[in-house]
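Protein chains in written order, with my numbering: chain R, 1 to 340; chain U, 1 to 381; chain Y, 1 to 518; chain W, 1 to 312. Quick reminder that beta carbons are idealized off the backbone N, C-alpha and C, glycines included. Have a look at the structure below before the remarks.
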Ligand SMILES: Nc1ncnc2c1ncn2[C@@H]1O[C@H](COP(=O)(O)OP(=O)(O)OP(=O)(O)O)[C@@H](O)[C@H]1O
Ligand SMILES: Nc1ncnc2c1ncn2[C@@H]1O[C@H](COP(=O)(O)OP(=O)(O)OP(=O)(O)O)[C@@H](O)[C@H]1O
Ligand SMILES: [Mg+2]
Ligand SMILES: [Mg+2]
């Protein structure tokens, strides 16, 4: 199973004998090359589907992609079961998913972290595809606020996995958040060119720490584990990503200030439910702070009341639409700290 | 010889050729079964799934052929160099070089008609793979720098170079002005290889594309090159005995550069075939694609012979394709890797069987008291 | 005299061949006993069994009257057996001392550390005791073959060998070295050591041994007192027919000079000058022998002529064409045939088939290759013809070249090179390790070549060979041609002295020369 | 100035440490004539089993022992096939690399009931050993350099010295090198070729196992799939670069570690080039170093050649 991701346990126990709506149906999830165990969207997506499966009684199947060219064949294999829904995880799979959805209009598809707009016209290309998009910049902004207010050295670190556009979104939101509360703070930005090399993560974090950084945020999957290790050894703050990492890495909880939550589990859960219950609709669902698809987790209970208050304040402002959080470096350049 | 005897002989020959691989495969599956049992699943169901996934219809066979396409080519690539006495671990980098070159060519020549475009892309990818490998080849030939080091280093260099090109050169953001992506622009339709299913319905959903013909063509090419051409004779001789080849007028350095170049060319072509056949773009990645490394295993298991490599890549295709179906049965996909590993272990240690045969032969001789060699010579005198 | 070794009814079966067939062999204490036989007769096999490298298929071995099972060389060493192998068992990058002590190392700190000081001392001691001078600190790769052989002998003596097996020790030595070896082993025998000497050189048998055992096709023919037999009879026993020991060579007036080397300078692998200002020429229909002890620049000379090694300066001309800047391939094309001194390393691609080997060097020419493709039917045909013509003993042309015996490998190479009908034939150590039958054949072919009006450059250290084949003899020493003499007028003694380092020096000075690196 | 350089040096040492152990392992095995492509796989085994046992017993040192054992067992597989059965050593190494990744992932699922990674251990061996704690108190270098070192860094240097001593100063080492150069010659003087090769392959396994442990128990405190990702191959390259010599291997690994440390810290040092080029640095630098400095590397003569006892 997909580990200790914080999908809330199925509370509503099913009455005995009552036929579940998903009985006899199949939902298949296909991971990207990160695969299960990425402690990120693959695991979270799985957790959401697992929960749905328990509640609704459908059979959950999983196919992990070893390489990029497994995407299409994996989808084709999944199609053989005539599933109620195929959930493809990760923006890397967008093209393959759109292609398959176009060829199989009777099957429901969902793509995590994607829209399904490959021709770039701003519209979803197919009708039977549910795009699940997240506004990671908003959550990153909030943890940036926390970092900016927490730092004593006015030096902050950011470690990205690879310089993907989707990862730059984290970087952009985070820097904007820091600048909004602490214009003097400097942010060291470093990319590991890896999502798995823990040692490299630890080296980068240590280097940033040596240069004075006392709060470091990561959007780098497994590389982040190295950050946590460095944080614990040197006693500085780390900020987690995707899941509430104070809960998933309890050994390091004392040094995980908070985590940027990306509720992929909620998204896949709802998608599966709608598909099984027959209410599925091809569309783009955006999960931001307003939709509660993005948030800040504090499983380590390290945020002070004051910080929580600040975070809430900025959160409310974003939800109200007082300003837009930057999602690219250009937008960060142009970003002016709003008065709130 | 009558037909019955002939048939018997053919079956016997076939058995002689196939016995090591078959025993190895059986051992791999046996150990795999144990692991599946430990994981609390039924091996029988798992293996039925595996074979259904790989053979359960033309479409499934198509899928196996699809899986086999790139590794057949990288297996050939590795073997050509190995036969010349070079250990090319650089298939990964050469594969990437070919892939990214195909993208670049596909973009800049996109207005050309399909066939011409495809040919140009192939040629450029071949050149790119060859050039990338030739760095190692030239350094070895001219300066004696061990190709194991250079090819390993060049793999990583290629990875990061390609990542850079994807992000900062061939990105849709830059070429099309749309939003930034983690991959290059996609190949236009004219630059894509035809899927067999689009021509023959019988291939169902499978992803197999015309690249399989190119891959098999490469095997034929390698066979002809190695065993029918003068260059092949020189390459093989140089691999077996560099000094003797040199004595025979074969230039060592030329041999090395040629072998690395051809090896890289095939790997580069593999990269192009892969993007043109399935992914249509190259994405940023934290790891090399892995086909180069798979090629080492495929080549060695195939005994470095084109026919053997076709067979071993088919076997690897079956395994990794069948793994999909096994996964759907909830069986850890790692079991497949372990089965692969065990098969290779047994193929590596086929000597056990050879020893048994040798002992048996010796005993036969002892019994029959074969006349020593020299008495035949006496007749000649 | 008591028997120190008794081998009774020893048989050894290899797949496809019985190498030793119910062999009985006795070695008496203090004797020098020659084991004589053709290539492949089973001599090495028998001795490998005695030394524990092979296990006999059947039969018993007695040492000092007690039955023993020699399961590995350790056991042999314990029983006082030492062996100098046909192919030297020396580790090239190691020093002399390291090679000698290997497997029986003096140690200090409870075995935690090699005691190299003591090792060197020990080596010096036995080296002095037996009069076998070597520099313990020299690396094997820098030593001449003769010295390497001393190291091999010392290795055995260091282990306290009383029974010494020498497998073809003379194949690579100069006459002086052979003579010296004779003195050494005689001295060892006088000290009570028992010696088995393998050879197929009849002269040596006569001069060195007390008794001789002749082995043919794995079977013992007879064991006889050396004094009681004549050379011709030995030869006949050995090969089973009458052999002509003399080479049939007609008087012949040579033609024009077609090959010349002028002021040639070549460096060896270590960058030292190995060929120093060498000049000579060869006429059509003439055999010029370059006679010299191994390691005096012959290897480099031949490699330079054939394009296998860079030329520092000087000229090489064949038929007016300057070869010095040409590649090996171009040199071959210009009409050079080359029988290389190291047939395993250079002469054959051991892993390729015999047929493929029989075109090496002209594999790219028609009819064997056309438009870049090999014509295998032609290649096989070619091989079959040559195999027949040159009497290469092989099941067929498809076997790997490596599976042939040394003599047959050599025949295959000669066949290949002769087929080219070269203007210049270079034959480097063409009969090394071959038996009399094979030597007879090779010599006949070389003379045929000369009579065909080809220029022949023979590089050899076998004085018999040099004297019987050559028209002129150029003696090479320390990278220089010290003298060129008419073969008809040359004497063995004169040549020996020249080969050892110049006109005026005495033979024994050679020792100091080969020892001469600090 | 030193305040910038010293941490980079410390970082270089940390990054080089697993490579050093692994390259030493390769050196032992190849000096005896057994090509060891399996370093990568053995490191994976060492990395996994050290965490597994450290986690279950609570003792990181037991974890290290487990890594050594796992490495030796894996190497034994290489040994049996390539020494006794005279199988192809490269094929076998490749098989082990595939097996190791598969097996650890499989065990991860069976034991931890989870994908991807183990639990983290809390008592990883990442601090200076107590007896060397005084080093941290030294002015300037103490904090900037020594505090960044782990026990494995010291151990690596010790291992280099020991390996050098064993290979070049002991009777055993003489035999190892003899067997790697000319096994038959060694055999004829009573050296047991198989025994020596087995011992060397086992030492190689132990060292590559420690290399894996130095990465996990000695550094990251957790095992994650793909975390070794090519380090075994880099070590292999370093061994060749270092000309099959322990000190050479050490220098090659340090060179690589330094380049990697620089590439990681580059942007913080104010070097503004695209990150991809920064990450390329160690690999390109290695090639350039080979072109510029180091001449031809010659492998032990019998490296990779199976030895058939007696009858050949
Ligand atoms: N390991 C082996 N395997 C198979 N056949 C062998 C082996 N060693 C020797 N033979 C065969 O046994 C026969 C005897 O070989 P052996 O080496 O004893 O000959 P020899 O008398 O020493 O010859 P030479 O004078 O060439 O050294 C030969 O026919 C040879 O081919
Ligand atoms: N495994 C083997 N199988 C078959 N024949 C073998 C084998 N090993 C050695 N031989 C043969 O044994 C014979 C004797 O071996 P040896 O090493 O004494 O060579 P040789 O005949 O003296 O040749 P050379 O003069 O080139 O050294 C050779 O003919 C060789 O081909
Ligand atoms: Mg659209
Ligand atoms: Mg012999």
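Report the rounded CA-to-CA distance for residue 319 of chain R versus residue 263 of chain W, giving the unit in angstroms.
-> 40 Å
Count the C-beta pairs between the region 171 to 181 of chain Y and the region 137 to 148 of chain Y that are closer than 8 Å, then say yes if the count reaches three, no if not.
-> yes
Residue 286 of chain Y - partner residues in DSSP beta bridges = Y:455
Neighbouring residues, chain W, relative to residue 55 of chain R (Cβ below 7 Å) = Ordered by position in chain W, no residue passes the 7 Å Cβ test against residue 55 of chain R, which lies about 22 Å from the chain.
Tell me the DSSP bridge mates of residue 253 of chain U?
-> Answer is none; residue 253 of chain U lacks a bridge partner.
Compute the minimum distance between the beta carbon of residue 14 of chain Y and the heavy atoms of ligand 1, and state whether it is under 6 Å.
-> yes
List in chain order: all unbroken alpha helix (DSSP H) runs of 4+ residues lying wholly within the region 375 to 439 of chain Y.
-> 376 to 389, 406 to 419
Within its chain, find whatever has a CB closer than 7 Å to the CB of residue 331 of chain R; leave out the 5 residues flanking it on each side and keep chain order.
-> 172
Would you tell me roughly how many angstroms separate the C-alpha atoms of residue 68 of chain Y and residue 52 of chain Y, rounded to the nearest one?
-> 11 Å
Measure how close the beta-carbons of residue 366 of chain R and residue 148 of chain R come, nearest whole angstrom, since I'm counting them as under 8 Å.
-> The structure shown has nothing for residue 366 of chain R, since chain R only spans 1 to 340.
Would you grab the beta carbon distance between residue 44 of chain R and residue 264 of chain R for me? Rounded to a whole angstrom, and I think it's under 8 Å.
-> 4 Å
Identify every residue that forms a DSSP beta bridge with residue 33 of chain Y.
-> Y:196, Y:211
Compare the C-beta of residue 281 of chain U against all C-beta atoms of chain W and say whether one is closer than 7 Å.
-> no
Under the criterion of a Cβ to heavy atom distance below 6 Å, does residue 43 of chain Y qualify as lining ligand 1?
-> yes
Quick one: what's got a C-beta closer than 6 Å to residue 114 of chain R's C-beta in the same chain, skipping five residues either side?
-> 91, 94, 131
Does DSSP put residue 244 of chain R in a helix, in a strand, or in coil?
-> coil
Helix, strand or coil for residue 272 of chain W, going by three-state DSSP, please let me know.
-> coil
Compute the minimum distance between the beta carbon of residue 17 of chain Y and the heavy atoms of ligand 1, and state whether it is under 6 Å.
-> yes
Complete runs of the beta strand (DSSP E) confined to the region 304 to 346 of chain Y [at least 3 residues] | 313 to 318, 336 to 339
Could you please tell me which residues of the region 223 to 237 of chain U, in chain order, have their CB closer than 9 Å to any CB of chain Y?
-> 224, 227, 228, 229, 230, 231, 232, 233, 234, 236, 237
Per DSSP, cross-strand counterpart(s) of residue 6 of chain Y = Y:26, Y:62
Are the C-beta of residue 224 of chain W and some C-beta of chain R separated by less than 7 Å?
-> yes
Scan the region 189 to 215 of chain Y for residues whose Cβ lies nearer than 8 Å to a Cβ of chain U and list them as they occur along the chain.
-> none
Residues in the region 50 to 72 of chain U having any Cβ partner in chain Y nearer than 8 Å = none
Which one of Y:455, Y:162, Y:187 has the shortest CA to CA distance from residue 336 of chain Y?
-> Y:455
Quick one: is residue 139 of chain Y near chain W, going by C-beta distance under 7 Å?
-> no
My guess is that residue 219 of chain R and residue 167 of chain R are in contact by the Cβ rule of under 8 Å, so how many angstroms apart are they, rounded?
-> 5 Å
Less than 7 Å separating the beta-carbons of residue 171 of chain W and residue 107 of chain Y?
-> yes
Would you please verify whether the beta carbon of residue 241 of chain U is less than 7 Å from any beta carbon of chain Y?
-> yes
Would you say the beta carbon of residue 39 of chain Y comes nearer than 6 Å to a heavy atom of ligand 1?
-> yes
Tell me whether the beta-carbon of residue 267 of chain R lies closer than 7 Å to the beta-carbon of residue 287 of chain R.
-> yes
Just curious, the beta strand (DSSP E) that residue 121 of chain U is in, first and last residue?
-> It is not in any beta strand (DSSP E) - residue 121 of chain U instead sits in the alpha helix (DSSP H) that spans 114 to 143.
Quick one: is residue 211 of chain R near chain W, going by C-beta distance under 7 Å?
-> yes
Is residue 406 of chain Y near ligand 1, with its Cβ less than 6 Å from a heavy atom?
-> yes
Is residue 58 of chain Y buried or exposed, if buried means 16 or more other CB atoms sit within 10 Å of its CB?
-> exposed
When you compare only the Cα positions, how much space is there between residue 129 of chain Y and residue 293 of chain U?
-> 59 Å
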